[in-house]
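Numbering (my numbering), first residue to last: 1094 to 1620. These notes concern the structure reproduced below.
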Amino acid sequence: MKKLLLACAAICAASAQPLWAQARPQMERVPDRPAGEGEGPYTTLLIRSATLIDGTGAPPEGPVDIVVEGNRIARIVRGGNARVAADRVIDAAGMYVLPGFIDVHGHNGDPDKAPQPSYGFKLWLAHGVTTVRGVGFGWGPNDPSIDQKRRSAANTITAPRLFAYAVPGDVWPEGAVDTPEKGRAWVRWIAARGYDGVKFFNNEPPHILAAILDEAEKQKLGSVAHLGQRGVAEVNARKAVELGLDGVTHFYGHFESLLDGSAIPQYPADFNYLDEQSRFAWVARLADQVGEPGSKAWNDYIDFLIDHKVTLSPTFNIYSASRDVMRARNLEWHEKYTLPQLMQFYSPSLTNHGSYYHDWTSEDETAWRNFYRKWFDLTREFKNRGGRVTAGSDPGYIYQTWGFAYIGELEMLREAGLTPLEVIRAATIDGARELQDPKGGEPAFGSIAEGKLADLVIVPENPLANLKVLYGTGHRRLNRETNQLETVGGVRWTIKDGVVFDAPALLESVAQMVAEEKRKQGAIATQ
């Protein structure tokens, strides 16, 4: 029993990210971008004869020529036939061009499972993700987020554009923020060093949370919260939004704001938050403690969120294995693209955060499917009334490998009731606006328009007809003429800041990383 409690204490520490991370070994430094890995920006780049999906919700149109000068979209020529002298021409006839995707919930800072950050960065880019919000990319006094952010902005590393958020009390030398004054000082400290916002885990009492949120707004920093269960009795989503929170990620805090018949959540007598099997199995049963969608309480809560201009980034994908753990464990990309130590991290464990399938039953999976029904309903109705929903993947946990997890999130947004065009909007301009709003003004990325940054995704197949064509492993279908299976899709080119990346080549470099790690582990095992 003592051993179990010690293991559970380690899990608890994993939820309080700064404390958990400071004791761990450091991530490797991202290598400089090698010659030939990404080309450009060019004086003039011409993308010819594509079908355009601009990210705003407008319908597709084509053929369209896009002229890029340096890192900006200079001209969009509808009907094609742009007459320019270009340093490079991409023939996109029959292909689709979209804005670069934005992942608003990224992590990349655990050396036990993926010690080289370029592994995740390349997988993101290979799936069309050109901007990522790190919540956070690393932890502790040696957090690499700002260094990686600057190097990405200079295009000296192979990585998406990076926005760096930090957790209260983390990354600075002054310790915990245990007073409102210290919370404000911490916010000013991170703002001065180039951080873009604050990520909360609901570890602060309301008066300190309020001070941090107020100061963050003054410093033009964004805010997003995973409203952890240990703090939700005092600060649910409604309370956090009242205090000034910009965005709610995951599902935490919503149902606790909609309880029917009690003021705080009801737990079984043998519940133990430090036992993640207990914690996550119970979460699904929380849905039984709230009323049905469409009730007055639901409508009032959704109106409240919209009135306060909150953004929801649900990250449906990160808990999807709870509905069918066998499927998640056997996803087709694991063999070639998931690092062996990452696959080991995913396996049931008393110490690895999110590896909670200790004895996962059909009853647990059924409960989670029912939980998703209400979670989907809440998100869809929020969207239908004008609320902003964005796309985040939270990769590196629960069988969710970078890049692939993001496309999985797009599929689940579709399942929740967003139309295909709404899914693309969530993945592009709405994500850009969530990141830019605290700073003020319209984002320079997130849609395809003249004058905007050249962040683009070029795909051979139509993602509006089938989001699966965005997976790096493509989509398998039967050729009805040959009666043979064929694989189609996958991103062909990802363009970030005018730099053109060959997406299949990035995937192949990741496959080589995985193969090398397997070779090393095999050699160690035979010694």
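Beta carbons are placed, not taken as given, at the ideal position from N, Cα and C, and that holds for glycine. All values reported here derive from a predicted model rather than from experimental measurement.
Inset, instruction - Using only alpha-carbon positions, find the residue among A1186, P1192, E1504 that is nearest to I1522. - result: Here residue 1522 is taken as the residue at index 429 of the sequence shown, counted from 1. Checked all of A1186, P1192, E1504; the closest Cα to I1522 is P1192.
Legend entry - Under 8 Å between C-beta atoms of V1622 and Y1258: Residue 1622 is absent from the model: the chain starts at 1094 and stops at 1620.
Legend entry - Simplified DSSP assignment, three categories, for R1422: Stepping through the sequence shown from its first residue, residue 1422 is reached at position 329. The answer is helix: DSSP assigns R1422 an H, G or I state.
Inset, instruction - Ignore the nearest five residues each way along the sequence and tell me which others in L1099's own chain have a CB closer than 7 Å to its CB. - result: In the sequence shown, residue 1099 corresponds to position 6, counting from 1. Bear in mind that the predicted position of L1099 carries a pLDDT of just 36, short of 50, making it unreliable; the figure below should be weighed with that in mind. Around L1099: no qualifying Cβ.
Inset, instruction - Would you mind stating whether L1563 and P1513 have Cβ atoms separated by less than 8 Å? - result: Taking the first residue of the sequence shown as position 1, residue 1563 is located at position 470. Taking the first residue of the sequence shown as position 1, residue 1513 is located at position 420. In this structure, P1513 does not lie closer than 8 Å to L1563 by Cβ.
Inset, instruction - Determine, using beta-carbon pairs with one atom in the stretch 1265-1281 and one in the stretch 1241-1250, whether at least three such pairs fall under 8 Å. - result: no
Inset, instruction - To the nearest angstrom, report how far apart M1606 and E1428 are at their CA atoms. - result: What you label residue 1606 is simply residue 513 of the sequence shown in a count that begins at 1. What you label residue 1428 is simply residue 335 of the sequence shown in a count that begins at 1. Their Cα atoms are separated by approximately 12 Å.
Inset, instruction - Confirm, please, whether the CB-CB distance from W1426 to F1497 is below 8 Å. - result: Against the sequence shown, residue 1497 aligns to sequence position 404. Against the sequence shown, residue 1426 aligns to sequence position 333. Yes, they are a contact pair.
Inset, instruction - For the beta strand (DSSP E) holding R1165, just list the boundary residues, first then last. - result: Position 72 of the sequence shown holds residue 1165. Taken as a continuous stretch (DSSP letters only), the beta strand (DSSP E) holding R1165 covers 1165-1171.
Inset, instruction - May I ask you to list the residues that DSSP assigns as paired with W1586? - result: Taking the first residue of the sequence shown as position 1, residue 1586 is located at position 493. Per DSSP, I1551, D1595.
Legend entry - H1568 - partner residues in DSSP beta bridges: For the purposes of this step, residue 1568 is taken as the residue at position 475 of the sequence shown. According to DSSP, H1568 bridges with V1581.
Legend entry - CB of P1531 within 8 Å of CB of G1315, strictly: Within the sequence shown, residue 1531 is the residue found at index 438, counting from 1. Within the sequence shown, residue 1315 is the residue found at index 222, counting from 1. Cβ distance < 8 Å, so P1531 and G1315 count as in contact.
Inset, instruction - With DSSP collapsed to three states, give me the class of I1283. - result: To locate residue 1283, count along the sequence shown from 1; it is residue 190. I1283: helix per DSSP, three-state reduction.
Inset, instruction - With a threshold of 16 other CB atoms inside 10 Å of the CB of A1143, please say whether the residue is buried or exposed. - result: The residue given as residue 1143 occupies position 50 in the sequence shown. The residue in question, A1143, is buried, as its Cβ has 16 or more Cβ neighbours within 10 Å.
Legend entry - Beta-carbon proximity list for P1044, same chain, < 6 Å, skipping 5 on both sides: Outside the displayed span of the chain (1094 to 1620) sits residue 1044, for which this structure offers no information.
Legend entry - Residues of its chain near K1313, where Cβ-Cβ distance is below 6 Å and the 5 sequence neighbours each way are ignored: Taking the sequence shown and counting its residues from 1, one reaches residue 1313 at position 220. The answer, listed in chain order, is P1531, K1532.
Inset, instruction - With DSSP collapsed to three states, give me the class of R1478. - result: Counting from 1 along the sequence shown, the entry for residue 1478 is found at position 385. Here R1478 sits in coil by DSSP.
Inset, instruction - Measuring alpha carbon to alpha carbon, tell me which of E1543, D1548, G1276, I1551 ends up nearest R1171. - result: For this step, residue 1171 is matched to residue 78 along the sequence shown. Ranking the options by Cα distance to R1171, first place goes to E1543.
Inset, instruction - Return the first residue and the last residue of the alpha helix (DSSP H) that E1508 is part of. - result: Locating residue 1508 in the sequence shown gives position 415, where the first residue counts as 1. Start and end: 1497-1509.
Legend entry - K1215 (DSSP reduced to helix, strand or coil): Here the question's residue 1215 lines up with position 122 in the sequence shown. It is helical.
Inset, instruction - Return the Cβ separation of N1410 and G1501 in integer angstroms, given the expectation that the two are a contact with Cβ distance under 8 Å. - result: Here residue 1410 is taken as the residue at index 317 of the sequence shown, counted from 1. Here residue 1501 is taken as the residue at index 408 of the sequence shown, counted from 1. Rounded, the Cβ-Cβ distance is 4 Å, consistent with contact.
Inset, instruction - Return the CA-CA distance between A1178 and I1239, expressed in angstroms with no decimal places. - result: Residue mapping note: residue 1178 aligns to position 85 of the sequence shown, counting from 1. Residue mapping note: residue 1239 aligns to position 146 of the sequence shown, counting from 1. Straight-line Cα distance between these residues: approximately 38 Å.
Legend entry - Reference D1457, options G1479, Q1370, W1232, closest by Cα: Reading the sequence shown from its first residue, position 364 is the one you call residue 1457. Here the closest residue by C-alpha is Q1370.
Legend entry - the stretch 1162-1171 / the stretch 1125-1132 touching (three or more Cβ pairs under 8 Å): no
Legend entry - Reduced DSSP category for I1541 - H, G, I as helix; E, B as strand; rest coil: In the sequence shown, residue 1541 corresponds to position 448, counting from 1. DSSP places I1541 in coil when its eight states are reduced to three.
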